Structure formats: C-alpha cells, structure tokens
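Numbering (the numbering used here), first residue to last: 226 to 503. Below you'll find the structure, written out as structure tokens, and then a few comments.
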C-alpha cells in the first residue's frame with residue numbers, strides 16, 4: 226500500500242531507523258505492507274519526534290500528534306503536533322480579576338491555568354499563545370495571541386478557539402473577524418453573546434474585500450474550487466451556477482453532504498472533498 230508522509234515542519238523521516246528523506250507539506254510516499262509493522266519516526270529540529278508502527282490499525286487509529294487521510298490509492302500520514310524539547314518552566318502572561326488568577330505558561334506544551342477559590346484548571350493551548358494578552362469580562366476570560374483568540378469561562382471550560390484578525394469586547398458579548406481559508410480572501414464577521422456560562426453566536430456574515438476578483442474574473446481553472454469553498458463556508462454560491470442548476474441549488478448542499486476542506490487535483494474540472502470519517 227502507498228503510504229504518503231507529510232509534516233507541519235521539516236523533519237527527518239526514518240523507517241525502521243533507516244533514513245528515508247526530509248518531509249514537509251509536499252507529500253513523499255513509499256510502498257509498505259501494513260503487516261510488516263514498520264516503525265516510522267518524524268524527527269524535527271528543536272522538538273520531540275513522533276514515532277509509531279505502521280500496522281493494519283493505522284487507517285482506524287491515528288498516532289498521537291498525527292492526522293490520517295484515507296485516499297483512493299493509499300493512506301496519508303500528516304505529522305502535525307510536535308511537542309517542544311525544552312521542558313523548562315516559562316511564564317508568558319498572567320492576570321488576576323477578583324479571586325481568579327489566569328496564567329499562560331510553557332513547560333513543554335503551552336498551557337493556561339485558571340485558579341479560583343473553589344477550583345484549579347489546566348488546559349493546553351496552541352504554541353502561538355506564547356505571545357498573548359489576557360482580558361476579563363463578566364465571568365469570561367479572553368486570551369489573544371497575534372493570530373488567535375480563545376475564550377474560557379471561569380469554571381475552566383473552553384468555549385472558543387479560532388483564528389481571528391480582530392476582536393472587540395462589548396456589553397454582554399464580543400465581535401470577531403475570522404479569516405476564511407478560501408481563494409477569494411473572504412472573512413466572516415461574527416458576534417457572540419454571553420449566555421450564562423456559555424457563548425451564543427448571534428451573527429455570521431461573510432464579506433469579501435472590494436479589491437478582490439469578482440466571480441466573472443476568476444480563472445476558469447479555479448471556478449470549481451471556489452464553488453466548493455463557497456458551499457463549505459456558507460457563502461452564496463448561486464453566482465457560480467448555470468440557470469438550470471440555480472433551480473436546484475437548495476438540494477446541492479444535501480447532495481454534497483458534510484465536508485471539512487477542498488483540495489485541487491491534476492484535472493481542474495475535478496476537486497476533492499475531504500470528509501471526516503471518525
């Protein structure tokens with residue numbers, strides 16, 4: 226079976242301790258019999274390696290730190306979450322509001338601790354939160370990194386973690402602009418209200434910068450890709466349809482089903498839809 230190897234950062238890949246090459250976001254593959262129990266190891270610079278046996282269980286049980294993609298001609302293994310090799314304690318931000326103390330720190334993984342008179346909670350954060358600011362509003366804790374925002378209730382429950390380009394607090398809620406990973410550089414302008422110890426989304430509006438391409442200016446090779454992206458993010462996709470298909474657009478979402486991303490193929494008329502299996 227073809228096993229494709231990819232990684233979120235450059236790694237040395239070894240198979241049964243034999244050097245196979247460098248991995249990154251460009252796929253490399255090898256023909257491997259799953260019954261041979263080959264041991265694969267991704268070794269990055271400055272972080273701990275990820276290692277696992279390639280067995281018949283691989284399609285159904287992703288190794289820790291990896292994502293598994295089932296393809297027509299094999300399996301893709303994407304090593305994504307590498308733990309830092311430095312386990313010294315580093316405090317990145319700390320703030321107190323009344324009896325609630327919030328600390329963002331690293332000791333290997335980046336984490337946040339929430340301490341109150343009644344309880345103590347610890348949660349893992351993406352590494353980008355090594356640079357962050359902490360803000361309190363009502364019973365909610367806002368932690369903002371340069372590109373991401375996370376929101377916790379003071380009971381330790383994480384309510385929100387998204388990439389954002391901007392956010393503003395307001396009475397009884399907040400607004401945020403979320404970048405959408407699509408070919409037209411669209412963004413979602415959203416608002417959430419505080420609801421007890423939870424958040425409730427009130428609005429989700431997709432906007433496109435005025436200097437971006439209009440649908441008629443998109444190269445024909447990208448039209449199928451942009452169409453599927455529009456369906457994925459909940460944008461108006463009717464502008465990409467012929468008159469005959471516009472009559473059936475209400476049925477298109479149900480026909481396509483739930484999918485999490487869109488990929489290009491060698492044929493511009495064919496796109497791949499990535500669906501979550503488990």
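All C-beta atoms, glycine included, are put in the ideal place defined by N, C-alpha and C. No experiment lies behind these values; they were computed from the predicted model shown.
Per the DSSP secondary-structure output, residue 362 pairs in a beta bridge with 365.
Straight across, the Cα-Cα distance linking residue 376 with residue 497 is about 33 Å. Under the 8 Å Cβ criterion, the region 290-308 does not count as touching the region 323-331, having fewer than three qualifying pairs. When secondary structure is reduced to three states using DSSP, residue 319 falls in the strand class. Annotated three-state conformation of residue 449 is helix, per DSSP.
Secondary structure in the region 392-476: the beta strand (DSSP E) runs of 3 residues or longer, each lying completely within the stretch, are 398-404, 412-420 and 423-432 in chain order. According to DSSP, residue pairing for residue 227 in a beta bridge involves 256 and 299.
Here residue 496 carries a strand assignment [DSSP, helix/strand/coil].
For residue 337, the pairing in a beta bridge is given by DSSP as 329 and 348. Beta-bridge partners of residue 266 (DSSP): 239 and 276.
Here residue 478 carries a helix assignment [DSSP, helix/strand/coil]. Following the DSSP letters along the chain, one finds residue 486 inside the beta strand (DSSP E) bounded by residues 486-489. One thing to note: residue 500 has its Cβ within 8 Å of the Cβ of residue 485. Inclusion of residue 478 and residue 456 in the CB contact set at 8 Å is warranted, their separation being smaller than that value. Short of 8 Å from the beta carbon of residue 316, and not among the five residues preceding or following it, lie these beta carbons of its own chain, in chain order: 328, 329 and 330. With respect to the C-alpha of residue 312, the residue from 294, 292, 335 and 291 having the closest C-alpha is 335. Excluding the 5 residues flanking it on each side, residue 355 has same chain C-beta neighbours closer than 7 Å at 317, 331 and 335, in chain order. 8 Å or more divides the Cβ of residue 280 from the Cβ of residue 274.
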